[in-house]
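If you count the sequence shown from 1, position 151 lands on 534 in this note's numbering, and the numbers rise without skipping.
For glycine and all other residues, C-beta sits at the position ideal for the given N, C-alpha and C.
Heads up: the structure comes next, in structure tokens.
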Amino acid sequence: MESLSVNEGINTDETQGGKASIFPYAQKITQILTDKFLLNSKMTVANIGCGRDLLARIFVEYRNDVICVERNDEFVDRTKRLLSGFNNVRFVNGNTQNTGLERNSVSMIAIGHAFIGVDQQKTRNEFRRILKAPNLVAMIWNDVDLRDGFSNEYERICRKYYKDYLASGSDVLTNEQITEFFSWSFDYNQFSSELSMTSDELARMQETLPYSLGHDNAGHDPMMKELQDAFMTYEKDASVTLKFVTRMYVGRIT
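Structure below.
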């Protein structure tokens with residue numbers, strides 16, 4: 384299972400709301416949530432564990448008021464930098480079992496990596512406490528398409544250098560766990576996406592990952608070299624394409 388942020392995009396053109404969309408699949412996610420669950424921009428959304436997944440970006444661009452819940456100071460600082468162009472986001476120190484949010488304060492919770500390994504009963508109780516109508520919880524993540532040559536090589540490099548990287552297809556969350564959490568009532572959506580990048584765009588994308596290696600990290604330069612070698616192997620017309628599958632589970636916790 385891959386963090387959404389692995390596929391953070393490379394378009395940093397300025398828009399009225401801040402930087403242009405970095406997720407090639409953001410519109411699909413918000414379309415599903417709008418069509419099936421009546422998501423609207425007036426709802427307050429909490430991104431629990433924002434430092435690993437940066438789902439918050441999707442919803443700040445949709446013009447929701449977004450609360451990022453995260454305890455890791457490094458992740459918070461990095462997320463603040465990535466969302467610095469927006470004024471509809473704030474940060475709270477908390478986690479899945481103790482979010483630090485007020486009762487009945489958010490209409491939807493978005494979560495990815497942060498759900499892994501949680502105490503489901505305590506987390507469900509906390510989510511129930513802070514949610515208000517329509518009481519939505521969306522679990523969203525990506526799997527890199529390992530059938531594709533460049534995507535497979537990209538995955539190998541990420542596994543090698545990123546200590547917090549969770550491999551695609553690792554199945555750390557079973558269908559049984561998800562089904563139990565949502566009390567056997569949820570909606571599942573899956574769709575393929577891809578992101579084409581030049582060599583410079585690939586390098587720039589890596590610098591924005593929540594678990595990116597700093598320039599002073601001993602692994603930074605070797606990792607970038609391997610990425611550039613992979614680019615040279617698989618490039619076509621001066622670009623490569625990263626392919627992945629987005630998975631989204633949505634249910635109500637009442």
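Neighbour-count burial assignment, Trp524, 16 or more Cβ in a 10 Å radius: Burial is judged here by how many other beta carbons sit within 10 angstroms of a residue's own beta carbon; Trp524 has at least 16 and is buried.
Bounding residues of the beta strand (DSSP E) (the contiguous stretch that carries Val443): That residue, Val443, is in no beta strand (DSSP E); its alpha helix (DSSP H) goes 439-444.
Does the region 531-540 come close enough to the region 606-619 to have 3 or more Cβ pairs within less than 8 Å? Yes, since at least three Cβ pairs between the region 531-540 and the region 606-619 fall closer than 8 Å, the two stretches touch.
Would you report the Cα separation of Ser404 and Phe498, rounded to the nearest angstrom? Caution is warranted here: a pLDDT of 48 is assigned to Ser404, below 50, making its placement in the model unreliable, and the coordinate value is therefore given only provisionally. So the alpha carbons of these two residues sit roughly 25 Å apart.
Name the one or two DSSP bridge partners that Arg542 has. Looking at the DSSP assignment, Arg542 forms no beta bridge with any residue, so it has no partner.
Shortest alpha-carbon distance to Met580 belongs to which of Met631, Gly634, Met615? Checking every option, the nearest Cα to that of Met580 belongs to Met615.
Thr482 and Val475 look like a contact to me (Cβ under 8 Å); what is the Cβ gap, rounded to whole Å? Between Val475 and Thr482 the Cβ distance is about 7 Å, and since that is below 8 Å, they are a contact.
Does the Cβ-Cβ distance between Met491 and Leu422 come in under 8 Å? In contact: Met491 and Leu422 (Cβ atoms closer than 8 Å).
Nearest residue (CA-CA) to Lys546, options Asn447, Ser595, Asn430: Nearest option by C-alpha distance: Ser595.
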